[in-house]
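Position in the sequence shown (first residue = 1) + 23 = my numbering. The structure appears right after this line, and notes come after that.
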Amino acid sequence: MGREQEEGEGGEEYLFKIVVIGDSAVGKSNLLSRFARNEFDSNSKATIGVEFQTQVVDIEGKEIKAQIWDTAGQERFRAVTSAYYRGAVGALIVYDITRRTSFDSVKRWLDELGTHCDTAIARMLVGNKCDLDSIREVSRDEGKSLAEEESLFFMETSALDSTNVEAAFEVVIREIYNNMSRKIL
Ligand code: GDP
Ligand code: MG
């Protein structure tokens with residue numbers, strides 16, 4: 024945690040584009056609004072059409088702007104455009120732990136991501152809705168194994184009760200920062 028510069032004195036700024044992908048209704052928009060605005064929206068109308076939200080985080084004294092993109096309903100038609108992925112340096116691939124089909128789709132989302140972005144970008148597998156443990160269809164171990172197989176970070180989250188939401192985004196942002204530092208320094 025270096026403090027080489029006084030706050031607000033032209034400190035270095037970084038802008039990281041992060042995409043959130045996964046089947047419809049897994050909770051992508053709510054994860055994003057929980058992280059960026061600390062809001063949860065039970066019927067999700069408000070977030071339709073919002074393209075991205077920006078959240079500023081501090082990593083090692085550097086101001087990082089995380090620009091987090093939401094598919095905003097495009098995924099329903101399996102028509103996420105290449106513009107969506109362009110320039111992304113991080114990705115969250117989300118499934119719903121109570122819906123196995125959304126977990127089965129993860130490979131397809133990874134394939135699609137792979138056609139647009141280098142696999143070296145920071146990628147995290149996110150099993151959302153962990154507050155609904157009683158109706159779970161995908162075990163934590165299954166999520167963890169898939170993540171290991173595909174070299175992804177892994178966390179279970181709840182956009183509803185905030186479990187691991189900040190942590191998930193922060194791991195991705197920190198990894199992007201590390202990736203960047205390794206290339207530059
Ligand atoms: P998206 O289509 O992937 O963007 O999913 P939304 O964010 O619109 O969420 C879909 C539905 O799941 C909504 O009814 C949300 O209220 C609900 N939801 C999202 N995240 C959670 C969560 O962590 N726990 C629970 N119980 N419900 C959630
Ligand atoms: Mg959405």
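Using N, Cα and C, we set each Cβ at its ideal position, and we do this for glycine too. Please read all numbers here as calculations on a predicted model, not as lab measurements.
Which residues mark the beginning and the end of the beta strand (DSSP E) in which Asp164 is found?
-> The residue given as residue 164 occupies position 141 in the sequence shown. Asp164 -> not in any beta strand (DSSP E); alpha helix (DSSP H) instead, spanning 163 to 172.
Thinking C-alpha only, which one of Arg122, Ile116, Ser162 is nearest Ile220?
-> Any question about residue 220 goes unanswered here, given that the chain covers just 24 to 208.
With distances taken from CA atoms, which of Glu173, Phe192, Glu172 is nearest Thr180?
-> Stepping through the sequence shown from its first residue, residue 180 is reached at position 157. Minimum Cα distance to Thr180 is reached at Phe192.
By Cβ distance below 6 Å, which residues in the same chain neighbour Met203 in space, the five residues on each side in sequence not counted?
-> Here the question's residue 203 lines up with position 180 in the sequence shown. By the criterion of a C-beta distance shorter than 6 Å, Met203 is surrounded by no residue of its chain, once the five residues flanking it on both sides are discounted.
Inter-residue spacing [alpha-carbon to alpha-carbon] between Arg205 and Ala102 | Indexing the sequence shown from 1 puts residue 205 at position 182. Indexing the sequence shown from 1 puts residue 102 at position 79. Cα to Cα, Arg205 sits roughly 34 Å from Ala102.
Taking only heavy atoms of the ligand MG into account, decide whether any of them is closer than 8 Å to the Cβ of Lys40.
-> In the sequence shown, the residue the question calls residue 40 occupies position 17. Because no heavy atom of the ligand MG lies under 8 Å away, the Cβ of Lys40 does not count as near it: no.
Cβ-heavy atom distance between Thr96 and the ligand GDP below 8 Å?
-> Position 73 of the sequence shown holds residue 96. First, the amino acid is wrong: residue 96 is Gly here, not Thr. Yes, the ligand GDP has a heavy atom inside 8 Å of this Cβ.
Confirm, please, whether the CB-CB distance from Leu155 to Val129 is below 9 Å.
-> As a first step, residue 129 is located in the sequence shown; it is residue number 106 there, counting from the start. As a first step, residue 155 is located in the sequence shown; it is residue number 132 there, counting from the start. For Val129 and Leu155, no; Cβs fall outside 9 Å.
Quick one, which of Ala95, Glu86, Val80, Thr142 has its alpha-carbon nearest Gly113's?
-> As a working note, residue 113 is residue 90 in the sequence shown. Cα-wise, what sits closest to Gly113 is Thr142.
Using CA coordinates, which residue listed in Asp81, Phe75, Tyr108 is at the minimum distance from Val194?
-> As a position in the sequence shown, residue 194 is number 171, starting the count at 1. That would be Asp81, whose Cα lies nearest to the Cα of Val194.
Assigned secondary structure, Gly137 (DSSP; H/G/I helix, E/B strand, else coil) | For the purposes of this step, residue 137 is identified with residue 114 of the sequence shown, where counting begins at 1. Correct three-state label for Gly137: helix.
Kindly identify the DSSP beta-bridge partner or partners of Gln97.
-> One-based indexing of the sequence shown puts residue 97 at position 74. Gln97 pairs with nothing; no bridge assigned.
Best match in Met147, Arg163, Ser185, Glu36 for proximity to Glu83 [C-alpha to C-alpha] = For the purposes of this step, residue 83 is taken as the residue at position 60 of the sequence shown. When only C-alpha atoms are compared, the closest one is Glu36.
Taking the alpha helix (DSSP H) that Phe63 falls in, what are its first and last residues?
-> Start at 1 with the first residue of the sequence shown, and residue 63 comes out as number 40. Here Phe63 belongs to no alpha helix (DSSP H), and DSSP marks it neither H nor E.
With 16 other Cβ atoms within 10 Å as the buried cut-off, status of Asp119 | Here residue 119 corresponds to residue number 96 of the sequence shown, with the count starting at 1. Under this definition Asp119 is a buried residue.
Which of helix, strand or coil does DSSP assign to Val112?
-> In the sequence shown, counting from the first residue as 1, residue 112 sits at position 89. In the structure shown, Val112 sits in coil (DSSP, three-state: anything other than H, G, I, E or B).
For Asp154, three-class secondary structure by DSSP = As a working mapping, residue 154 is identified with position 131 in the sequence shown. Asp154 falls in the helix class under three-state DSSP.
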